[in-house]
Each structure stands twice: as C-alpha cells, then as structure tokens.
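Just so you know, the sequence shown maps onto residues 4 to 245 in this note's numbering. Notes follow once the structure below has been shown.
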Amino acid sequence: MARNSSASAAPAGSSTPKVKKTRWYHQIWQAYQMTRQNDPAVTWVVLGVFFGIIALGVLVGLLIHATIYMTLLSIPFAVIGGMFVLARRAEKSAYANIEGQPGASRAALGTIRRGWTFGEEPVAVDPRTQDLVFRGIGRAGVVLVSEGPANRVGKLLESERKRTARVISGAPITLIQCGNEDGQVALRSLPRAVQKLKPKLTKQEVAEVSKRLTALGGVRLPVPKGVDPMRARPDRKGMRGR
Numbered sequence: 004m005a006r007n008s009s010a011s012a013a014p015a016g017s018s019t020p021k022v023k024k025t026r027w028y029h030q031i032w033q034a035y036q037m038t039r040q041n042d043p044a045v046t047w048v049v050l051g052v053f054f055g056i057i058a059l060g061v062l063v064g065l066l067i068h069a070t071i072y073m074t075l076l077s078i079p080f081a082v083i084g085g086m087f088v089l090a091r092r093a094e095k096s097a098y099a100n101i102e103g104q105p106g107a108s109r110a111a112l113g114t115i116r117r118g119w120t121f122g123e124e125p126v127a128v129d130p131r132t133q134d135l136v137f138r139g140i141g142r143a144g145v146v147l148v149s150e151g152p153a154n155r156v157g158k159l160l161e162s163e164r165k166r167t168a169r170v171i172s173g174a175p176i177t178l179i180q181c182g183n184e185d186g187q188v189a190l191r192s193l194p195r196a197v198q199k200l201k202p203k204l205t206k207q208e209v210a211e212v213s214k215r216l217t218a219l220g221g222v223r224l225p226v227p228k229g230v231d232p233m234r235a236r237p238d239r240k241g242m243r244g245r
C-alpha cells in the first residue's frame with residue numbers, strides 16, 4: 004500500500020512535455036505566407052500552374068478517349084508543378100529580404116549543402132565603410148567573397164588575398180565580388196558560382212590548407228594612427244572607477 008501511495012504522490016507536472024514536430028504542410032504554409040508578403044502574385048501563379056496542368060491532362064484525355072484516367076493522372080503532376088513554382092518564388096523572396104544587409108553573402112553561401120566550409124565571421128572588415136570579406140575552403144581551393152561597391156571593395160579583397168596567399172603554399176585562390184554592378188555576382192547566383200569552381204585539391208590538401216587558415220586567424224581591425232599598442236597603458240583611475 005505504501006508503495007502505491009508514493010507512486011500516486013508523484014507530481015503531475017514532472018513529465019516533460021513532448022515537443023511538437025513541424026509538419027511538412029506547416030513548412031509549406033509558412034513559406035507561402037513569407038513569399039506572399041514580397042510577391043502578392045504568387046497565389047495566382049501557383050493556381051495557374053496547378054489548373055493549367057490539369058487542363059492539359061483533360062485535353063490529352065479527350066484526344067485519346069481516356070478523360071477520367073488522364074485527369075486523375077494529371078493531379079499529382081499539378082501538385083508537383085505548383086510546389087516547384089512556390090519553391091522558386093520562395094527562394095527569390097528570401098534573397099530579396101536579405102539583399103543589401105551586412106552578411107547577406109554569407110547567408111547565401113550557407114545554402115551550399117556540401118563540399119565547402121565558410122566561416123561564420125568575416126575575415127576582413129573595413130570599419131569605415133562596413134565592406135566585408137568572407138572566406139571559404141573546398142576542393143577548388145580558397146574562395147574570398149566580398150560585399151561592397153566594386154570601386155571600393157577591390158582593395159580590401161586584394162589585401163586579404165595577399166594575406167591568405169602567404170600561408171597556403173600555392174593553393175588556388177578565387178576572388179568573387181558579390182553585388183549588382185558590372186563584374187560582380189548577384190546574391191542569388193552566388194552559391195551557384197562557387198559550386199561551379201573546378202576541384203583542384205585532394206581531401207588531404209584541403210585539410211592542410213584549412214589548418215593553415217585556422218592559424219592565420221580572422222578579422223584584424225586596423226590600429227588608429229599614432230597609437231603604439233605595445234606602449235599603450237591602461238587608465239588606472241578609470242579601472243578604479245574614478
């Protein structure tokens with residue numbers, strides 16, 4: 004009896020609530036709502052593709068005297084077609100949301116599934132203009148991707164190329180400027196441009212280059228002129244709260 008009473012005395016809230024999984028149709032609905040904010044025509048485009056494929060199936064069914072069969076057969080293809088169009092529109096809307104924001108190129112590069120490793124933080128920053136350079140490593144070598152106007156970011160990109168070349172023992176370095184100016188790669192096309200680079204290193208060479216780049220470190224902000232960091236002394240009064 005005592006054993007049963009102790010079991011019944013366990014607090015009701017001790018059990019951990021189960022985390023609800025996000026269903027696939029919830030993800031589709033969220034993607035649709037996000038896309039509709041930037042692309043109000045997405046509803047009519049998806050419906051047009053859906054019913055257009057069904058209409059094509061009905062037409063073919065009338066020609067071969069199998070209307071019901073072709074109509075039923077066209078429904079799965081209509082769903083796939085509508086989903087494909089929604090996915091492409093959602094991707095375009097997502098890029099439109101982040102374009103122009105600092106770190107947009109890194110967010111785009113994060114969509115690359117495999118074969119490349121990009122650091123979360125930029126390896127070079129211009130504190131005055133907020134131009135950025137991100138670095139990645141893969142079988143094609145090292146790629147440096149910049150954000151900023153073409154007439155301004157070139158110096159920052161070239162400076163980081165020289166700094167990187169000193170430690171990677173001749174591994175190929177590719178420079179890519181992300182932007183909408185002539186000679187730059189659009190944000191939406193950036194992942195594809197990186198994936199098109201031809202492999203030139205073995206997996207062992209990639210690992211060795213990665214180690215060297217890790218030792219190189221990340222961002223090094225410039226020291227203001229007239230300041231010698233080796234001779235700088237802390238403000239003792241400020242440290243004591245005076």
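Virtual Cβ for every residue (Gly too), placed ideally from N, Cα, C. Note that the structure is a prediction, hence the values are computed from the model and not measured.
Check: For the segment 170 to 182 and the segment 194 to 213, state whether three or more C-beta atom pairs, one from each stretch, are separated by less than 8 angstroms.; Outcome: yes
Check: Counting Cβ pairs closer than 8 angstroms, one from the segment 120 to 133 and one from the segment 80 to 90, do we hit at least three?; Outcome: no
Check: Let's see if you can read the secondary structure: which residues bound the alpha helix (DSSP H) around Ile-83?; Outcome: 70 to 101
Check: May I have the straight-line CA-CA distance separating Leu-216 from Ala-110, to the nearest angstrom?; Outcome: 21 angstroms
Check: For Val-49, I'd like the list of residues in its chain whose CB is within less than 7 angstroms of its CB, leaving aside the five on either flank, ordered along the chain.; Outcome: Gly-85, Val-88 and Leu-89
Check: Any contact between the segment 56 to 70 and the segment 30 to 46? By contact I mean 3 or more CB pairs, one from each, below 8 angstroms.; Outcome: no
Check: Is Ser-77 closer than 8 angstroms to Gly-249 when the C-beta atoms are compared?; Outcome: Within the shown structure, residues of the chain are numbered from 4 to 245, placing residue 249 beyond reach of any answer.
Check: State the start and end residues of the unbroken beta strand (DSSP E) segment that holds Ser-213.; Outcome: Not the beta strand (DSSP E): Ser-213 falls in the alpha helix (DSSP H), residues 206 to 219.
Check: Name the two residues that bound the continuous alpha helix (DSSP H) containing Met-179.; Outcome: A small fix is needed here, since residue 179 is Ile in this sequence, not Met. First-last for Ile-179: 176 to 181, but that is the beta strand (DSSP E), not the alpha helix (DSSP H).
Check: Can you give the Cα-Cα distance for Arg-116 and Thr-70, rounded to whole angstroms?; Outcome: 43 angstroms
Check: Mapping DSSP to helix, strand and coil, what is Glu-161?; Outcome: helix
Check: Return the CA-CA distance between Leu-204 and Gly-139, expressed in angstroms with no decimal places.; Outcome: 14 angstroms
Check: Alpha carbon to alpha carbon, how far is Ala-143 from Arg-195?; Outcome: 14 angstroms
Check: Nearest CA to the CA of Asn-154: which residue from Thr-46, Phe-53, Phe-54 and Glu-184?; Outcome: Glu-184
Check: Would you grab the beta carbon distance between Val-156 and Ser-162 for me? Rounded to a whole angstrom, and I think it's under 8 angstroms.; Outcome: Contact doesn't hold; Cβ gap of about 10 angstroms is too wide.
Check: Please report the residue range of the alpha helix (DSSP H) in which Ser-108 lies.; Outcome: 107 to 112
Check: Taking buried to mean at least 16 other C-beta atoms within 10 Å of its own C-beta, is Thr-167 buried or exposed?; Outcome: buried
Check: Indicate whether Leu-112 and Val-136 have their beta-carbon atoms separated by less than 8 angstroms.; Outcome: no
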